[in-house]
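Quick notes on the structure that follows.
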Amino acid sequence: MATVTFENVSKRFGDVVAVDDLSLDIRDAEFMVLVGPSGCGKTTSLRMIAGLEEITSGVLRIGERIINEVPPKDRDIAMVFQSYALYPHMSIRDNLAFGLKLRHVPKAQIETRVKEAAAILDLTRYLDRKPRELSGGQRQRVALGRAIVREPAVFLMDEPLSNLDAKLRVETRANILRLHQRLNTTFVYVTHDQIEAMTMGTRIAVMNEGRLQQVGTPQELYDRPINRFVAGFIGSPAMNFTSVEVTGSGDAMQLTGPNVTMPVPPQFRASIGATGRSLIAGYRPEHLELGPIEGKAAIVNAKAEVVEYLGNEELIHASGAGRDIVAIIDSAYRVRPGDMLELKMPLDKVQLFDPDTNFALPFTPATA
Ligand SMILES: Nc1ncnc2c1ncn2[C@@H]1O[C@H](COP(=O)(O)OP(=O)(O)O)[C@@H](O)[C@H]1O
Ligand SMILES: [Mg+2]
Numbered sequence: 149m150a151t152v153t154f155e156n157v158s159k160r161f162g163d164v165v166a167v168d169d170l171s172l173d174i175r176d177a178e179f180m181v182l183v184g185p186s187g188c189g190k191t192t193s194l195r196m197i198a199g200l201e202e203i204t205s206g207v208l209r210i211g212e213r214i215i216n217e218v219p220p221k222d223r224d225i226a227m228v229f230q231s232y233a234l235y236p237h238m239s240i241r242d243n244l245a246f247g248l249k250l251r252h253v254p255k256a257q258i259e260t261r262v263k264e265a266a267a268i269l270d271l272t273r274y275l276d277r278k279p280r281e282l283s284g285g286q287r288q289r290v291a292l293g294r295a296i297v298r299e300p301a302v303f304l305m306d307e308p309l310s311n312l313d314a315k316l317r318v319e320t321r322a323n324i325l326r327l328h329q330r331l332n333t334t335f336v337y338v339t340h341d342q343i344e345a346m347t348m349g350t351r352i353a354v355m356n357e358g359r360l361q362q363v364g365t366p367q368e369l370y371d372r373p374i375n376r377f378v379a380g381f382i383g384s385p386a387m388n389f390t391s392v393e394v395t396g397s398g399d400a401m402q403l404t405g406p407n408v409t410m411p412v413p414p415q416f417r418a419s420i421g422a423t424g425r426s427l428i429a430g431y432r433p434e435h436l437e438l439g440p441i442e443g444k445a446a447i448v449n450a451k452a453e454v455v456e457y458l459g460n461e462e463l464i465h466a467s468g469a470g471r472d473i474v475a476i477i478d479s480a481y482r483v484r485p486g487d488m489l490e491l492k493m494p495l496d497k498v499q500l501f502d503p504d505t506n507f508a509l510p511f512t513p514a515t516a
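Positions 149 to 516 (my numbering) are the ones given, in order, by the sequence shown.
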C-alpha cells in the first residue's frame with residue numbers, strides 16, 4: 149500500500165507544457181481519478197508515476213521515497229492501458245503469468261497468483277483459451293488480471309474502458325470498483341469521461357490545459373465547483389450559464405439577467421458586491437422545476453424547442469433571450485415544443501462566478 153505525491157511537477161515536450169506545476173496528494177488505498185478533456189495532461193501525469201515519462205521539474209514520491217530517478221520496474225506499480233495488448237499466441241493463463249516469469253517469481257507462486265486473479269475476475273474457465281477466443285470485455289479483464297498478479301503497491305489505469313461498448317463499460321466499471329475494495333490498494337485512474345469519474349472516484353482531480361483545477365470528492369465537485377471550467381465539466385447534461393447583474397439594494401437586491409431573475413441567494417450575500425456588478429449565474433438542468441417549489445426561487449423563462457422523452461423524465465432544450473437552456477423535468481408535465489416555460493429553482497442550488505476570473509464567488513453556508 150502506498151501514497152503517491154506530486155510536488156510542483158511539470159512536464160514539457162519541447163514548447164508544449166503537458167503538465168504544469170502539478171501538486172497532488174494521492175492517499176493510501178484511495179481511488180483517485182484524473183479527469184479532463186483530451187490533451188489536458190492526464191496520460192502524461194500517469195506515465196510519470198509509471199516512470200515511462202521523465203519529469204522536467206518537481207518531485208514525485210511513492211510513499212516517502214522520491215522516485216524521480218527510479219526505473220519503472222522498481223516502482224512497484226502496474227499499469228493497465230486502453231488497448232489490452234495481450235500476446236495473441238499465448239493462452240490466457242500464460243498471458244497472466246508472463247510478467248511474473250520475466251521477474252523470476254517461483255513457479256508455485258505464479259500458479260497461485262494466476263489462480264486467484266482468474267477467480268477474482270471470473271476468468272477461471274477461460275484460462276486455456278487464446279485471446280481471440282474471448283470477447284472484448286473478457287480481454288479487458290485479462291489485462292486487469294495481468295496487473296493484479298503483480299500485486300503492486302499502486303495500480304495505474306489509463307482509460308481502460310474506452311474500447312468497450314456502453315453496457316460492458318458499466319459492468320467493467322463495477323468490476324474495477326469491486327477489485328479496488330477487495331485489494332484495498334491505491335488506484336490512479338485516468339478518464340476523459342466525467343460520469344466514469346463521478347461514479348468511480350473516492351476523489352477526483354480535474355485537469356484542464358495541463359493545470360490541476362480542483363481536487364475533491366464527487367459531491368464536493370458537484371456542489372461547489374471552484375471555477376467555471378469545473379462547473380461546466382462535472383455534471384451531465386452540463387450546467388447552464390447566463391450573465392446577470394446585481395440590481396436594487398438592501399432587501400430588494402436581486403440578480404437580473406435577460407431571462408433570469410432571483411433574490412440574492414443567501415450563501416452569496418456576503419460576496420455579491422455592489423449594485424451594478426456583472427456576474428455569471430450557473431444552474432444545473434436537474435435543479436430546474438416546472439411545478440411549485442418551497443421557499444424563494446430563481447425564475448428562468450424560456451421557450452421549449454426540443455423535448456427528449458426519457459421515461460420518468462424529459463430533457464428539454466429551450467431558449468430564452470437567445471440563450472440555450474437545458475432542463476430535466478418530470479415527464480408528467482408533457483412539455484411540447486413551442487411551450488412557454490417558467491422554470492424555477494431553489495436558491496441554494498445557484499452558483500455564481502466572477503466573469504473576469506471565472507472563479508466561483510466565495511460561499512457562506514446559509515446557516516452561518
Ligand atoms: N511524446 C510527446 N511528445 C510531444 N507532445 C506530447 C507527447 N505526449 C503528450 N504530448 C502533448 O502533451 C499534452 C498532454 O497530453 P496527454 O497527457 O496525452 O493528454 P490526455 O491524456 O489528457 O489526453 C498534449 O498537448 C499532447 O499533445
Ligand atoms: Mg490520454
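Note that CB positions come from ideal geometry on N, CA and C, so glycine has one too.
Is there at least one non-hydrogen atom of ligand 1 closer than 8 Å to the beta-carbon of residue i?
{"i": "Ala446", "result": "no"}
{"i": "Met355", "result": "yes"}
{"i": "Val378", "result": "no"}
{"i": "Ala166", "result": "yes"}
{"i": "Pro185", "result": "yes"}
{"i": "Ser310", "result": "no"}
{"i": "Ser391", "result": "no"}
{"i": "Phe154", "result": "no"}
Nearest-angstrom Cα distance between residue i and residue j?
{"i": "Ser419", "j": "Leu427", "result": "11 Å"}
{"i": "Ile374", "j": "Gln499", "result": "10 Å"}
{"i": "Ala475", "j": "Val165", "result": "38 Å"}
{"i": "Val207", "j": "Asp169", "result": "10 Å"}
{"i": "Pro279", "j": "Asp176", "result": "34 Å"}
{"i": "Met387", "j": "Met227", "result": "34 Å"}
{"i": "Ser283", "j": "Gly349", "result": "27 Å"}
{"i": "Leu182", "j": "Ile210", "result": "17 Å"}
{"i": "Gly285", "j": "Ala508", "result": "41 Å"}
{"i": "Glu155", "j": "Gly358", "result": "15 Å"}
{"i": "Tyr235", "j": "Leu438", "result": "56 Å"}
{"i": "Ser467", "j": "Ala452", "result": "7 Å"}
{"i": "Gly470", "j": "Ala291", "result": "49 Å"}
What do you reckon, are the CB atoms on residue i and residue j nearer than 9 Å?
{"i": "Ser307", "j": "His340", "result": "This sequence places Glu at residue 307; Ser is not what is there. Yes, the Cβ-Cβ distance between Glu307 and His340 is below 9 Å."}
{"i": "Leu304", "j": "Leu172", "result": "no"}
{"i": "Ser205", "j": "Met355", "result": "no"}
{"i": "Ala445", "j": "Leu489", "result": "no"}
{"i": "Ile215", "j": "Ile197", "result": "yes"}
{"i": "Gln329", "j": "Ile382", "result": "no"}
{"i": "Pro494", "j": "Ile441", "result": "yes"}
{"i": "Ile473", "j": "Leu491", "result": "yes"}
{"i": "Gln362", "j": "Leu316", "result": "no"}
{"i": "Val378", "j": "Lys190", "result": "no"}
{"i": "Ile225", "j": "Lys159", "result": "no"}
{"i": "Gly247", "j": "Ala266", "result": "no"}
For a test of your reading of the model: does the CB of residue i fall under 8 Å from any non-hydrogen atom of ligand 2? Yes or no.
{"i": "Val338", "result": "yes"}
{"i": "Ser231", "result": "no"}
{"i": "Glu307", "result": "yes"}
{"i": "Lys190", "result": "yes"}
{"i": "Ser397", "result": "no"}
Does DSSP put residue i in a helix, a strand or coil?
{"i": "Asp169", "result": "strand"}
{"i": "Glu453", "result": "strand"}
{"i": "Tyr370", "result": "helix"}
{"i": "Ala516", "result": "Caution applies to Ala516, whose pLDDT of 44 falls short of 50 and renders its modelled position unreliable; the model cannot decide the point."}
{"i": "Ser158", "result": "strand"}
{"i": "Ala445", "result": "strand"}
{"i": "Asn506", "result": "coil"}
{"i": "Gln230", "result": "coil"}
{"i": "His435", "result": "helix"}
{"i": "Ile203", "result": "coil"}
Compute the minimum distance between the beta carbon of residue i and the heavy atoms of ligand 4, and state whether it is under 8 Å.
{"i": "Glu368", "result": "You won't find ligand 4 in this model; what it holds is ligand 1 and ligand 2."}
For this session: Could you tell me whether the segment 237 to 249 touches the segment 270 to 279, where touching means 3 or more Cβ pairs closer than 8 Å?
Result: yes
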